[in-house]
Amino acid sequence: MILDWASRFNWDQVDTVLLDMDGTLLDLHFDSFFWLQHLPKRYGQKYGLPIEQAIPDIKQRLADKQGTLDWYCTEFWSRELDMDIIGLKREIQHLIGERPQTIDFLQALGDRGKDRVLITNAHRDSLDIKFSVTDIQPLLDKVISSHDYGYPKEDQNFWQQLQQNMPFDPARTLFIDDSEPVLRSAEVYGIGHLLAIETPDSQQASRPYFGFPAIQQFAQILNLRNPKDSHGKI
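Quick note: the sequence shown, position 219, residue 226 per our numbering, numbers continuous.
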């Protein structure tokens, strides 16, 4: 599907590139490991629970809030679990890293004069941590957290707020994300070009995206000056 999509895609029809962060520009492995392993471990230690009990407990709490702004809110989970979520994230921040070709892709977009806008459901304090250990922030023209608007990207209100605060032409916008529900929401709003990430977590298998073209590497859709992954290979 991506080969056909890429062959028909015309960058001259795009002014704005909206970019997700976790799973799109950054490897989702950090977040997966934090929420499904590190947090349950620390949660179990605090409340005297074996890891076998803590993991499904945390998973259920997350499932109950999925798709809501609370699901992405570090302040909410700090209160809900009575734990320092940001402090716990810093314990494993060495796991944070860009996906392959991210820096080259952002630089190439800038060279082509595209407006590079990060739109993420991550809380601002999570953004601070990730910006401190990656090189993506200087290559972004604007950074927007859904917490700024009070609605997650899954909600149409987010897109309406985005349009009001940052005027752009939806028909001339490319949006790249690793979440199918978020891509569906963008599709409903009328974003003209939608693209998914096949392998947002480097430690997990590829995901199927029904109805959306998907890529493994950014070089599939844009000629990169020096397309390299974290190991220096194309």
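Beta carbons are placed, not taken as given, at the ideal position from N, Cα and C, and that holds for glycine.
Inset, instruction - With DSSP collapsed to three states, give me the class of H200. - result: strand
Legend entry - Endpoints, the alpha helix (DSSP H) within which D122 is located: Segment D122 to T127 is the beta strand (DSSP E) holding D122; no alpha helix (DSSP H) there.
Legend entry - alpha helix (DSSP H) segment containing F112, residue limits: T109 to D118
Legend entry - H238 classed as buried or exposed, judged by whether at least 16 other C-beta atoms fall within 10 angstroms: With a pLDDT of only 36 at H238, under the threshold of 50, the placement of this residue in the model should not be trusted; the figure read from the coordinates follows. By the 10 Å Cβ count, H238 comes out exposed.
Legend entry - With 16 other Cβ atoms within 10 Å as the buried cut-off, status of T30: Inspection of the sequence shows that residue 30 is occupied by Gly rather than by Thr. Classification of G30: buried, given that the 10 Å Cβ count is 16 or more.
Inset, instruction - For I198, collect the residues of the same chain with a Cβ closer than 7 Å to its Cβ; drop the 5 residues on either side in sequence, then sort them by chain order. - result: P177, T180 and F182
Inset, instruction - Pick out whichever of F37, P107, L26 and A212 has its Cα sitting closest to the Cα of K160. - result: L26
Legend entry - Within the stretch 204-236, ranges of the beta strand (DSSP E) (whole runs, at least 3 residues): none
Legend entry - Proximity of F165 and K96 at Cβ, strictly below 9 Å: no
Legend entry - Candidates I126, G51 and L190, of which the one nearest K217 by Cα: According to the sequence as given, residue 217 is Phe; it is not Lys. It is L190 whose Cα lies nearest to the Cα of F217.
Legend entry - Spatially closest choice to V195 from E105, Q167 and R131, by CA coordinates: Q167
Legend entry - Test item: CB-CB of D185 and R214 under 9 Å: yes
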